[in-house]
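Following the numbering used here, the numbering of the sequence shown begins with 25 at its first residue and continues without gaps. Even glycine gets a Cβ: it sits at the ideal position worked out from N, Cα and C. All of these numbers come straight from a predicted model, not from anything done at the bench.
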Amino acid sequence: MARLIGLIMILGLSIGVIAQDDGQTIAAAERAYILGDYEQAIALYEQVIAQGATDGVLYYNLGSAYYMAEDYGRALVNYLRAQMVMPRDGDLQKAIARIRSERLDLQGDDSGLLEGLAAITLSSTTQDELEGGTFALWILWFMLLTVFIIY
């Protein structure tokens, strides 16, 4: 039992060290971005993401670094990743609109009904909100079906 408690404590401390390392790497990436070393900032942000971070602000900053390095395709990809986590962020929406206005080849194809509905849904809700809404509709449908069968 003492070994198990010791192992849990070591694991907890190692997670804190990993989080501290991520914080230091992010701070270094932000310094590189401010100094105009966008390639270094990109490498550092990518390193943090490779370690499993999925923060919307991190994707936004990576997209901004790609934008400043004039790699608009990768900038848009990372802005869209950030949008999945924080769909109602105004600065993010402006950044996506800016790239799409500058590069016509990076326009989305929302021509069909389903594609347009998917684009609206993804740009206004998070995945957790969609899952909750789907679950609520399922429960409602099940309750209505139960009432219909009973009566």
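With a Cβ-Cβ cutoff of 8 Å, do residue i and residue j count as a contact?
i: residue 93; j: residue 50; result: no
i: residue 80; j: residue 106; result: yes
i: residue 72; j: residue 59; result: no
i: residue 64; j: residue 74; result: no
i: residue 116; j: residue 69; result: no
i: residue 119; j: residue 87; result: yes
Leaving aside the five residues before and after residue i along the sequence, list all residues of the same chain whose C-beta is less than 8 Å from its C-beta, in chain order.
i: residue 41; result: Residue confidence for residue 41 is low, a pLDDT of 40 falling below 50, so the modelled location carries little weight and cannot support an answer.
i: residue 177; result: The structure shown does not extend to residue 177, since the chain is modelled only from 25 to 175, so the question has no answer here.
i: residue 109; result: 78, 79, 80, 83 and 150
So, for residue i: in the same chain, excluding its five sequence neighbours on each side, which residues have a beta-carbon less than 7 Å away from its beta-carbon?
i: residue 90; result: 66, 98, 99 and 102
Near residue i, what residues of its chain come up, given a Cβ to Cβ distance below 6 Å and the 5 sequence neighbours on each side ignored?
i: residue 165; result: none
i: residue 148; result: 111
Below 8 Å on the Cβ atoms is my contact criterion, and I expect residue i with residue j to pass it. Report the Cβ-Cβ distance as a whole number of Å.
i: residue 154; j: residue 145; result: 7 Å
Quiz item: Could you give the uninterrupted runs of the alpha helix (DSSP H) lying entirely in the region 40 to 79, keeping only those of 4 residues or more?
Solution: 62 to 74
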